[in-house]
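Engineer: I'd like to ask you about the structure that follows.
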C-alpha cells in the first residue's frame, strides 16, 4: 500500500468515488492527473466545457466543479498521507501511522470503510489473507449464540500458510520450557 505510485492511489480513490459521483466521473475522470509534487490537478477549463457549467452555476445548490475541486484536494491529501507512512523510522511507527490514516485521523479524513476500499485495490491478491471472528449474543430464549471464526489464506498464490508455520515452529523451538510437570 505504502509503495503504490501516486497515480495508482488516485485511480483507486476515483474508483471508490464512483459509488457516489458516477455521473460526474463518467464525464471527467480522465481529466484528473498527478503532478511532480504529488498534487492532483485537473483541467478546469476543459471540465467546465465538458460539464457545461461555470464557477458561478449552482444547480440544486451544488456545482460539479466544486465537487471536482474537493475530490482533487482529498485525493492529494490521501496520497500525501500514504506517502508520509514511508517517512516513519520503524515498522511500528509506520503501522501506527497507517492505522491512524485508516481511522480518519489524518489530513484526508478518509473513513475506515472508504480507506479499506482503496487499500484493497493497491495490494496484490497473492498477499491477501484474512481472519474474521464473529460472536453474537442474541439474548433471545431458544436461540443459540453464534461464534465462528473464518480464515482465508490464498494458498494457491502465496506461501503465507507455510511462513506462519515456520514462524510458529521457530517460536516454539526457542520458547521457555513448560513449568508444568507430572
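Residue numbers (our numbering): 8 to 189. Ideal Cβ positions, reconstructed from N, Cα and C, are used throughout, including at glycine.
(1) Near residue 154, which residues of its chain fall below 6 Å by C-beta distance, leaving aside the five closest residues on each side in sequence?
(2) Within 8 Å, do at least three Cβ pairs link the region 119 to 135 to the region 17 to 24?
(3) Rounded to whole angstroms, what is the Cα-Cα separation between residue 28 and residue 71?
(4) If you follow the beta strand (DSSP E) that residue 159 is part of, which residue opens it and which one closes it?
(5) What does the alpha-carbon distance come out to for the pair residue 85 and residue 47?
(6) With a 10 Å radius around its C-beta and 16 neighbouring C-beta atoms as the bar for buried, classify residue 8 as buried or exposed.
(7) Taking the runs of the alpha helix (DSSP H) that are 4 residues or longer, which of them lie wholly in the region 35 to 106?
(8) Using 7 Å as the threshold, is the C-beta distance between residue 14 and residue 41 below it?
(9) Please look up how many angstroms separate the CB atoms of residue 114 and residue 88, rounded, as I've assumed it's under 8 Å.
(10) Just the C-alpha distance for residue 137 and residue 94, rounded to the nearest angstrom, thanks.
(11) Which class does residue 137 belong to by DSSP, given the choice of helix, strand or coil?
(12) Taking 7 Å as the CB-CB cut-off, is residue 63 touching chain B?
(13) Have a look at residue 176 and residue 147 and give me their C-alpha separation to the nearest angstrom.
(14) Would residue 92 be called buried (16 or more neighbouring beta carbons within 10 Å of its own) or exposed?
Structural biologist: According to the data block:
(1) Here residue 154 refers to the residue found at position 147 of the chain shown. Answer for residue 154: 142, listed in chain order.
(2) The answer is yes - the region 119 to 135 touches the region 17 to 24, with three or more Cβ pairs under 8 Å.
(3) Position 21 of the chain shown, counted from the first residue, corresponds to residue 28. Position 64 of the chain shown, counted from the first residue, corresponds to residue 71. Cα atoms of residue 28 and residue 71: separation of roughly 10 Å, rounded to the nearest angstrom.
(4) As a position in the chain shown, residue 159 is number 152, starting the count at 1. Bounds of the beta strand (DSSP E) holding residue 159 are 154 to 160.
(5) Translated into positions along the chain shown, residue 85 becomes position 78. Translated into positions along the chain shown, residue 47 becomes position 40. Approximately 10 Å, taken between the alpha carbons.
(6) Along the chain shown, one-based indexing puts residue 8 at 1. So residue 8 ends up on the buried side.
(7) Complete alpha helix (DSSP H) runs here, min 4: 51 to 58, 71 to 93.
(8) Working through the chain shown from its first residue, we reach residue 14 at position 7. Working through the chain shown from its first residue, we reach residue 41 at position 34. Pairing residue 14 with residue 41 gives a Cβ-Cβ distance under 7 Å.
(9) Against the chain shown, residue 114 aligns to sequence position 107. Against the chain shown, residue 88 aligns to sequence position 81. About 6 Å separates the two Cβ atoms, so the contact holds.
(10) Here residue 137 corresponds to residue number 130 of the chain shown, with the count starting at 1. Here residue 94 corresponds to residue number 87 of the chain shown, with the count starting at 1. Put simply, the backbone Cα of residue 137 is about 27 Å away from that of residue 94.
(11) Looking up residue 137 in the chain shown gives position 130. Strand, per DSSP.
(12) In the structure shown, chain B does not exist; there is a single protein chain.
(13) To locate residue 176, count along the chain shown from 1; it is residue 169. To locate residue 147, count along the chain shown from 1; it is residue 140. Approximately 43 Å between the Cα atoms of the pair.
(14) Position 85 of the chain shown, counting from 1, holds the residue named residue 92. When all chains shown are included, residue 92 counts as buried.
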